[in-house]
Amino acid sequence: MRQVWQGRRGVGMIIGVLVFSLVLTGAGSGWEDVTASNGKGKSQVVFAIHGGAGGGTVPPDQEEEYRNTMLSALKAGKKVIDSGGSGVSAVEAAVHVLEDSPLFNAGKGAVFNTDAAHELDASIMDGKDLNAGAVAGSRHAKNPITLARTIMEKSPHVMLAGDAADQFGVEQGVQMVTQDYYFTEKRWQSLLAAKKKGAGATGHGTVGAVALDRKGNLAAATSTGGLTNKAVGRVGDSPIIGAGTYANNQSVAVSATGTGEVFIRGTAAADIAALVQYGKLSVQQAADKVVKEKLISLGGTGGVIALDQKGNFAAPYSTETLFYGTVSKDGKYKVVLSPQDEK
Numbered sequence: 001m002r003q004v005w006q007g008r009r010g011v012g013m014i015i016g017v018l019v020f021s022l023v024l025t026g027a028g029s030g031w032e033d034v035t036a037s038n039g040k041g042k043s044q045v046v047f048a049i050h051g052g053a054g055g056g057t058v059p060p061d062q063e064e065e066y067r068n069t070m071l072s073a074l075k076a077g078k079k080v081i082d083s084g085g086s087g088v089s090a091v092e093a094a095v096h097v098l099e100d101s102p103l104f105n106a107g108k109g110a111v112f113n114t115d116a117a118h119e120l121d122a123s124i125m126d127g128k129d130l131n132a133g134a135v136a137g138s139r140h141a142k143n144p145i146t147l148a149r150t151i152m153e154k155s156p157h158v159m160l161a162g163d164a165a166d167q168f169g170v171e172q173g174v175q176m177v178t179q180d181y182y183f184t185e186k187r188w189q190s191l192l193a194a195k196k197k198g199a200g201a202t203g204h205g206t207v208g209a210v211a212l213d214r215k216g217n218l219a220a221a222t223s224t225g226g227l228t229n230k231a232v233g234r235v236g237d238s239p240i241i242g243a244g245t246y247a248n249n250q251s252v253a254v255s256a257t258g259t260g261e262v263f264i265r266g267t268a269a270a271d272i273a274a275l276v277q278y279g280k281l282s283v284q285q286a287a288d289k290v291v292k293e294k295l296i297s298l299g300g301t302g303g304v305i306a307l308d309q310k311g312n313f314a315a316p317y318s319t320e321t322l323f324y325g326t327v328s329k330d331g332k333y334k335v336v337l338s339p340q341d342e343k
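Residue numbers (the working numbering): 1 to 343.
1. Report, in whole angstroms, the separation of the C-beta atoms of G300 and F263, which I expect to be a contact under 8 Å.
2. Using 8 Å as the Cβ pair cut-off and three pairs as the minimum, do the segment 280-290 and the segment 232-239 touch?
3. When the Cβ atoms of the segment 151-170 are set against those of the segment 126-133, are three or more pairs found closer than 8 Å?
4. Pick from Y246, S328, S138, R187: whose alpha carbon is nearest that of Q167?
5. Please go through the segment 35-105 and give each complete beta strand (DSSP E) segment of 3 or more residues, from N-terminal end onward.
6. Please report how far the alpha carbon of A211 lies from the alpha carbon of A48, in whole angstroms.
7. Across which residues does DSSP place L218 in a beta bridge pair?
8. From S251 to A274, what does the alpha carbon distance come to, in whole angstroms?
9. Given 8 Å as the limit, is there contact between the segment 65-82 and the segment 94-114, that is, 3 or more CB pairs closer than that?
10. How would you label Q189, buried or exposed, when you count the other beta carbons within 10 angstroms and need 16 or more for buried?
11. Taking 8 Å as the threshold, find out whether the segment 110-126 comes into contact with the segment 183-198 through three or more Cβ pairs.
12. Could you give the residue range of the beta strand (DSSP E) that holds F168?
13. Determine contact between the segment 240-257 and the segment 303-315, defined as no fewer than three beta-carbon pairs at a distance below 8 Å.
14. Are the CB atoms of R214 and N105 within a distance shorter than 9 Å?
15. If contacts are defined as beta-carbon pairs under 8 Å, then V91 and A220 qualify, I think. What distance do you get, rounded to the angstrom?
16. Give me, in chain order, the residues of the same chain whose beta-carbon lies closer than 6 Å to that of T222; leave out the 5 immediate sequence neighbours on both sides.
17. Going by C-alpha distance, which of K294, L337, D341 is nearest Q62?
18. Using alpha carbons as the reference points, say which of Y181, Q179, K154, D163 lies closest to Q172.
19. Rounded to the nearest angstrom, what separates Q179 and V58 at their Cα positions?
In structure tokens form, the structure reads like this:
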């Protein structure tokens, strides 16, 4: 007997220890030794994504699918940037790809809450003018990131929640789906297991993206289905500007994944930005300090992807793995699914 409902934001199930680094160049010749415009002898990153931080193992029969889906998301974002599009459009395009995949805990692959329902969260931010949009507890948006952007651009508000958010989306022409759309057997079995243990999710699966467009503007976006077996109405960090998402041309663009409540308490994304802008730390130093020191001291784990206007990129994490990918200005692609891929 199959019953289908909805679920919400979180840190779902991720995947990770077996993995991969996929590197492509425009010429298809692999890694290139390029001197970047960031002046540090590194390729200038213009776009990056993540597929969540956590632990576990990628099923061998799904490794290629994970890799290809993340590569498709990277290409979607880079295509927008190469065509002169905005960073906001780039991060939306990439997150859209990840939301459409059942592999990740966002959109199609969202987890179930304690009532076996799907409640989805997302946010997006433009570093040019600090404009932002977010949705919490959507039960019908096919792509919550698009609803978040619509809220940013078509309403005077930063966040809308629940049925009201979905109704606004309907009025604005955002594609809606029934709860059946989000059902996957994998997430259903995870809910049953969590209820037996009386616990929530044990892994992470939130998705996100950061971008640097040709005009020098930064943007960030994050989307999630939340924690498996989470309380109805629970909202984590993903739709909270300054916690799970932040972008400011004066500092960095950040998308986070991890223990949502702790990332909110620690204002994780905004803290990284402040350390860069006011503390004059590098992107790597600021992100490391927040992820590996502050958040751990508060009892939380996870990771972030962070990017500044010079193309300096950081992806620190305190979990076993962080799935992420980058693409440089010169077209070098990289997908990381395990610590070994970073060596």
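Glycine included, every Cβ here is placed at the ideal spot set by N, Cα and C.
If we stick to the structure as given:
1. Sure, about 6 Å apart at Cβ, within 8 Å.
2. With a cut-off of 8 Å, the segment 232-239 and the segment 280-290 do not count as touching, because too few Cβ pairs lie within range.
3. With a cut-off of 8 Å, the segment 126-133 and the segment 151-170 count as touching, because enough Cβ pairs lie within range.
4. That would be S138, whose Cα lies nearest to the Cα of Q167.
5. Taken in chain order, the complete beta strand (DSSP E) segments of 3 or more residues contained in the segment 35-105 are 45-54.
6. Computed Cα separation, rounded: 7 Å.
7. Beta-bridge pairing links L218 to L212.
8. Roughly 7 Å between the two C-alpha positions.
9. In short, these stretches touch, since the Cβ pair count reaches three.
10. When all chains shown are included, Q189 counts as exposed.
11. Inter-segment contact for the segment 110-126 and the segment 183-198 is present: three or more beta-carbon pairs are separated by less than 8 Å.
12. From DSSP, F168 is part of no beta strand (DSSP E) but of the alpha helix (DSSP H) over 162-171.
13. By the Cβ criterion, the segment 240-257 is in contact with the segment 303-315, since at least three pairs of Cβ atoms, one from each stretch, lie closer than 8 Å.
14. No, they are not a contact pair.
15. Going by Cβ atoms, the distance from V91 to A220 rounds to 6 Å, so yes, they are a contact pair.
16. Within the same chain, S123, G208, S238, G244, T245, S255 come within 6 Å of T222 by CB-CB distance, once the 5 residues on both sides are set aside.
17. Measuring C-alpha to C-alpha distances from Q62 to each of K294, L337, D341 identifies L337 as the nearest.
18. Residue K154 holds the alpha-carbon nearest to the alpha-carbon of Q172 among Y181, Q179, K154, D163.
19. Straight-line Cα distance between these residues: approximately 27 Å.
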